[in-house]
Amino acid sequence: MLITDLEPKTIWQHFEAINAIPRASTKEEVIINFMMAFGKSLNLETSVDAIGNVIIKKPGTKGKEDCRTIVLQGHLDMVHQKEATSNFDFETQGIEMFVDGDWVKAKETTLGADNGIGVAAIMAVLTSNDIEHPPIEALFTIDEEMGMTGAMALTKEQLQGSILLNLDSEEDDEITIGCAGGVDVAIDGPFDIKLLDAKEYSLKEIKVSGLTGGHSGMDIHLNRANAILVLTECLEYLISQTDCRLHSVDVGTLTNVIPRNGSAIIAIREDKYELFAQALKDIEQVLKQKYLNTDPDLSIEVFSSENTMGVLDVKTQKKMIEAVLTMPNGVYAMTEGIEGLVQTSNNIAIFNVGQGSYHIGCHTRSAKNAERDELVSKIRDCFPFAKVSENGPYPGWEPRPDSELLALATRCYKELNGELPAIKSIHAGLECGILSGTFPNMQMISFGPNILGAHSPEERLQISSTQKFWKLLTKLLKELK
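Right under this line is the structure:
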């Protein structure tokens, strides 16, 4: 079955159209131009601000012209992740989607349902002639996944709406009314390169792959293997057994992704290769057993490498490996009184070493700024020898459980589904946190269809759930006054 044959067809047609466009965070020029052309093709007031946010305005339908203006909001960028063995080129290729039962998936890459399906739903409302709705301001932000810079740049003069529907949630039986804030933590420094004798040493590349990965907020409590920690545990053991030397490390690209593969190059003395081979088998077995339940496909392989013989000095090598294994990763604190809700966490996401410098990137989240700062301080304490900096902090979204909008959304959901939705705050960043600061009097909720495996090549979007989400959205638009 073709994606465009799915119901409701208008959503899936728009989803296919935007998924044909590469749209990585900070590289949204083509999708911005596409959205501008889309709005103008409908003869709707369309504008783009200096940073790249697109706003399309549509008058209310007959009888709703004078109702309160509703902001429909989604983000244009997506996370670009692919299987380690894939040759897919995100710079030039559109996402290759296919239907698998009740799910839409992508071939070897992220699907882009986060937040492409929300954007497609807004586009479907804008093109419709038969959906009742108040005046609409459709807000399409940029760079949500990397820094939320689009939402941060928005000014209070750009929107007049008093109600905002954010379509960037991933469970169809929930209405989200709060979220955590966060900050990127960068750890950087130089090291002295030591040259080894190529006659005595050979270079080997160790590759970790097959991990489950996932979203660094929504999946952080699942205790999945982190490729950085798996690789570093492996390196620590190999160094202790064979005195091998570290040449370079390459793991991760995005701080909001739990890294699922990566590699390191080490130098091993020729007379210790048999010992190295056995030590690698031993540590692989230990790690496979450790992560058997969460990452059953974990794989560690070794290959020959032809790089130069420049390695880290022993002192830096030791300090760095100890620091990475000591720094907090995963859940730091749970929310008191709310079962299962993570309050504070850290995700070690990027680990790059080579050519005389190193960089480690983390994403630290918390519903409490003081606890977030406490965790960042602990990370700093692990790296007294490096420069530790914070980048792109963004606020959390404080829940308003007594809002008129939430009451209406809850009633609409129950009328459609015969049961009440779960009302939740989540341990992930939503642009509502920033927008609620810019527009403090604007009522907001977030909802969406079932999306599993976001930020990984396992990402998939449920077809029946998308239909359920669409019914709730259109009913809300009809009921809002």
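For what it's worth, UniProt numbering labels the leading residue of the sequence shown as 1, then goes sequentially.
Glycine included, every Cβ here is placed at the ideal spot set by N, Cα and C.
Worksheet entry | DSSP bridge partner residues for HIS359 (one or two, in chain order) | Indexing the sequence shown from 1 puts residue 359 at position 359. The partner list for HIS359 (beta bridge, DSSP) reads ASP188 and ASN352.
Worksheet item: From residue 485 to LEU211, what distance separates their C-alpha atoms?
Response: No information on residue 485 is available, as it lies outside the stretch 1 to 481 that the chain covers here.
Worksheet item: Between which two residues does the alpha helix (DSSP H) containing residue 541 stretch?
Response: With the chain running from 1 to 481 in the structure shown, residue 541 is simply not present.
Fill in: Per-residue burial, PHE38 [other beta carbons within 10 Å of its own, 16 or more giving buried]
The residue given as residue 38 occupies position 38 in the sequence shown. It is buried - the Cβ of PHE38 has at least 16 other Cβ atoms within 10 Å.
Practice prompt. Along the beta strand (DSSP E) that carries PHE383, what are the first and last residues, could you check?
Written response: Here the question's residue 383 lines up with position 383 in the sequence shown. From DSSP, PHE383 is part of no beta strand (DSSP E); its letter is neither H nor E.
Practice prompt. Determine, using beta carbons only, whether GLU431 and ALA153 come nearer to each other than 7 angstroms.
Written response: The sequence position of residue 431 within the sequence shown is 431, counting from 1. The sequence position of residue 153 within the sequence shown is 153, counting from 1. Contact check for GLU431 against ALA153 fails: the beta carbons are separated by 7 angstroms or more.
Worksheet item: Does the count of Cβ pairs from the segment 235-248 and the segment 302-320 closer than 8 angstroms reach three?
Response: At 8 angstroms Cβ cutoff, the stretches touch.
Discussion item. Short of 8 angstroms in beta carbon distance, which residues of its chain neighbour SER357, apart from the five on each side in sequence? Order them along the chain.
Written reply: The sequence position of residue 357 within the sequence shown is 357, counting from 1. The residues are ASP188, GLY189, PRO190 and PHE191.
Worksheet item: Would you say MET146 and SER240 are within 7 angstroms of each other, going by their C-beta atoms?
Response: Residue 146 sits at position 146 when you count from the first residue of the sequence shown. Residue 240 sits at position 240 when you count from the first residue of the sequence shown. Cβ atoms of MET146 and SER240: not closer than 7 angstroms.
Worksheet item: When the Cα atoms are used, what is the spatial distance from THR242 to SER304?
Response: To locate residue 242, count along the sequence shown from 1; it is residue 242. To locate residue 304, count along the sequence shown from 1; it is residue 304. Using only the alpha carbons, I get a separation of about 17 angstroms.
Discussion item. Using a 10 Å radius around the Cβ and a threshold of 16 neighbouring Cβ atoms, would you call LYS105 buried or exposed?
Written reply: Here residue 105 corresponds to residue number 105 of the sequence shown, with the count starting at 1. It is buried - the Cβ of LYS105 has at least 16 other Cβ atoms within 10 Å.
Worksheet entry | Start-end ranges of the alpha helix (DSSP H) lying completely within the segment 16-85, minimum 4 residues | 29-41
Worksheet item: Which residue's Cα is closest to the Cα of GLY429: MET327, GLN443 and GLY396?
Response: As a first step, residue 429 is located in the sequence shown; it is residue number 429 there, counting from the start. Answer by Cα proximity: GLY396.
Worksheet item: For THR255, which of helix, strand or coil comes out of DSSP?
Response: Here residue 255 refers to the residue found at position 255 when the sequence shown is read from its first residue. Note: THR255 maps to coil in three-state DSSP.
Worksheet item: With a Cβ-Cβ cutoff of 7 angstroms, do HIS75 and THR141 count as a contact?
Response: Taking the first residue of the sequence shown as position 1, residue 75 is located at position 75. Taking the first residue of the sequence shown as position 1, residue 141 is located at position 141. Contact flag set, yes.
Discussion item. Could you check whether GLU236 and ILE321 sit closer than 7 angstroms to each other, using their CB atoms as the reference points?
Written reply: Counted from its first residue, the sequence shown places residue 321 at position 321. Counted from its first residue, the sequence shown places residue 236 at position 236. Against a cut-off of 7 angstroms, the Cβ pair of GLU236 and ILE321 comes out as a contact.
Discussion item. Assuming ASP114 and MET78 are in contact, meaning their beta carbons sit under 8 angstroms apart, how far apart are those beta carbons, in whole angstroms?
Written reply: Your numbering for residue 114 matches position 114 in the sequence shown. Your numbering for residue 78 matches position 78 in the sequence shown. Indeed they touch by this definition, with Cβ atoms about 7 angstroms apart.
Worksheet item: Does the distance from the CB of LEU195 to the CB of GLN73 come in under 7 angstroms?
Response: Taking the first residue of the sequence shown as 1, we reach residue 195 at position 195. Taking the first residue of the sequence shown as 1, we reach residue 73 at position 73. No.
Discussion item. Can you list, in chain order, the residues of its chain with a C-beta nearer than 8 angstroms to that of GLU65? Leave out the 5 residues immediately preceding and following it.
Written reply: Sequence index remark: in the sequence shown, residue 65 carries index 65 (1-based). Apart from sequence neighbours up to five positions away, the residues of its chain that approach GLU65 with a beta-carbon distance below 8 angstroms are PRO59 and PRO135, ordered along the chain.
Discussion item. Are the CB atoms of VAL331 and HIS221 within a distance shorter than 7 angstroms?
Written reply: Translated into positions along the sequence shown, residue 221 becomes position 221. Translated into positions along the sequence shown, residue 331 becomes position 331. In contact: HIS221 and VAL331 (Cβ atoms closer than 7 angstroms).
Practice prompt. Compute the beta-carbon to beta-carbon distance between ILE175 and ARG400, rounded to the nearest angstrom, for a pair I have assumed lies under 8 angstroms.
Written response: By 1-based counting over the sequence shown, the position of residue 175 is 175. By 1-based counting over the sequence shown, the position of residue 400 is 400. The pair is not a contact, with the Cβ atoms about 12 angstroms apart (cut-off 8 angstroms).
Discussion item. Determine whether the beta carbon atoms of LEU412 and MET327 lie at a separation below 7 angstroms.
Written reply: For this step, residue 412 is matched to residue 412 along the sequence shown. For this step, residue 327 is matched to residue 327 along the sequence shown. The question names Leu, but residue 412 is Cys in the sequence shown. Going by C-beta atoms, CYS412 is not nearer than 7 angstroms to MET327.
Item to complete: Could you check what DSSP says for TYR332 in three-state terms: helix, strand or coil?
Response: By one-based count along the sequence shown, residue 332 stands at place 332. Strand, per DSSP.
Worksheet item: Within this structure, are the beta carbons of THR364 and VAL353 separated by less than 7 angstroms?
Response: To locate residue 364, count along the sequence shown from 1; it is residue 364. To locate residue 353, count along the sequence shown from 1; it is residue 353. It is not a contact, given that the beta carbons lie outside the stated cut-off.
Practice prompt. Output the boundary residues of the beta strand (DSSP E) element that contains SER436.
Written response: To locate residue 436, count along the sequence shown from 1; it is residue 436. Segment 432-438 is the alpha helix (DSSP H) holding SER436; no beta strand (DSSP E) there.
Practice prompt. From the DSSP output, in three-state form, read off GLU137 for me.
Written response: Counting from 1 along the sequence shown, the entry for residue 137 is found at position 137. It is a strand residue.
Discussion item. Considering only DSSP beta bridges, list what GLN462 is partnered with.
Written reply: For the purposes of this step, residue 462 is taken as the residue at position 462 of the sequence shown. According to DSSP, GLN462 bridges with TRP103.
Worksheet item: From what residue to what residue does the alpha helix (DSSP H) around ASN115 run?
Response: Along the sequence shown, one-based indexing puts residue 115 at 115. That run of the alpha helix (DSSP H) goes 113-127.
Worksheet entry | Euclidean distance between Cα positions of VAL251 and ILE3 | Here the question's residue 251 lines up with position 251 in the sequence shown. Here the question's residue 3 lines up with position 3 in the sequence shown. Going from the Cα of VAL251 to the Cα of ILE3 covers about 34 angstroms.
Discussion item. Excluding the 5 residues flanking ASP295 on each side, which residues of the same chain have their C-beta closer than 8 angstroms to its C-beta?
Written reply: As a first step, residue 295 must be located in the sequence shown, where it is residue number 295. Cβ within range, chain order: GLY210, LEU211, THR212, ARG224 and ALA225.
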